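Scroll down for the structure; my scribbles are underneath it.
Numbering (full-length UniProt numbering), first residue to last: 1 to 232.
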């Protein structure tokens, strides 16, 4: 199991005590091979098709172009520049119409058709939040607020930092000093990635984008940079 699943299993069993469950025989968490869970495997396939595959391909291009080696600095720079684009759908990101939040909403509100299995029909969001309206059994357990707080302390809090805090602050500082703007375009975010990568290197890079070739030269030792934009 992944690290997160171990923690989820512990929390499920911990919270199950409040409902008087037999911890030795309970089904608060079921162990098994992921390949046997056809539902979750099907969901991963849908997520990859609707959202993640194109990101995987574009990040592979970044790697194959020699601008991403997988070291800690590269990972943090990509997280700093792309995390928000990956999470939130926006009207300007034409090449990526289905981001994580959008895929989540589409999935949670799609209708599950009735079939011959024991699976209930209805919309996932309604089945989870309003089971009585869908005529299905509510499996939620009442737990103490103190126990919820214990579990919350073990969870990562959502913050403004999309990468390591120190590098995030440093990137924000350089963005302000060099007047670099955040962008809603994946392709133009390449410019930000390459520019910030010069925190560690002094080089000239050429960024190829649709109809535009952008050459960036940075010399941090002299604290100046230049950019030339020309039609391809």
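Note that the Cβ used here is the ideal one computed from N, Cα and C, for glycine as well.
The model shown is predicted, which means the values in this text are computed figures rather than measured ones.
Quick check on the burial criterion: 16 or more other C-beta atoms within 10 angstroms. Buried or exposed for residue i?
i           : result
residue 91  : Only weak support is given to the placement of residue 91: the predicted model assigns it a pLDDT of 44, under 50, and the value that follows is read from those uncertain coordinates. Looking at its Cβ environment, which holds fewer than 16 other Cβ atoms inside 10 Å, residue 91 is exposed.
residue 198 : buried
residue 65  : exposed
residue 190 : buried
residue 196 : buried
residue 76  : buried
residue 186 : buried
residue 40  : exposed
residue 82  : buried
residue 114 : exposed
What residues in its chain sit with their C-beta under 7 Å from that of residue i, if we drop five residues either side in the sequence?
i           : result
residue 69  : none
residue 175 : none
residue 161 : 168
residue 37  : none
residue 62  : 68
residue 10  : none
residue 86  : 55, 99, 100
residue 181 : none
Return the bridge partner residues of residue i from the DSSP annotation.
i           : result
residue 236 : Since the first and last residues shown for the chain are 1 and 232, residue 236 lies out of range.
Figure out for me which residue from the options has the closest Cα to the Cα of residue i.
i           : options            : result
residue 27  : 12, 52, 80         : 12
residue 110 : 136, 34, 46, 193   : 46
residue 159 : 84, 171, 126, 144  : 84
residue 53  : 99, 188, 104       : 99
residue 242 : 120, 118, 114, 126 : Since the displayed the chain opens at 1 and closes at 232, residue 242 lies outside it and no answer follows.
residue 143 : 108, 17, 4         : 17
residue 108 : 74, 166, 43        : 43
residue 233 : 10, 5, 72, 157     : In the structure as shown, the chain begins at 1 and stops at 232. Residue 233 is therefore absent and cannot be evaluated.
residue 72  : 120, 131, 166      : 166
residue 74  : 171, 145, 131, 32  : 171
residue 7   : 178, 188, 153      : 153
With a cut-off of 8 Å on the beta carbons, I'd call residue i and residue j a contact; round off their distance for me.
i          : j           : result
residue 67 : residue 163 : Not a contact, Cβ separation roughly 17 Å.
residue 15 : residue 155 : Not quite, the Cβ-Cβ distance comes to about 13 Å (not below 8 Å), so this is no contact.
residue 78 : residue 148 : That belief does not hold up - the Cβ atoms of residue 78 and residue 148 are roughly 34 Å apart, past 8 Å.
residue 50 : residue 103 : 5 Å
What does a CB cutoff of less than 8 Å around residue i pick up in its chain, not counting 5 residues either side in sequence?
i           : result
residue 122 : 111, 112, 134, 136
residue 60  : none
Can you list, in chain order, the residues of its chain with a C-beta nearer than 6 Å to that of residue i? Leave out the 5 residues immediately preceding and following it.
i           : result
residue 139 : none
Between residue i and chain D, is any beta-carbon pair separated by less than 7 Å?
i           : result
residue 108 : Protein chains in the displayed structure number just one, and chain D is not present.
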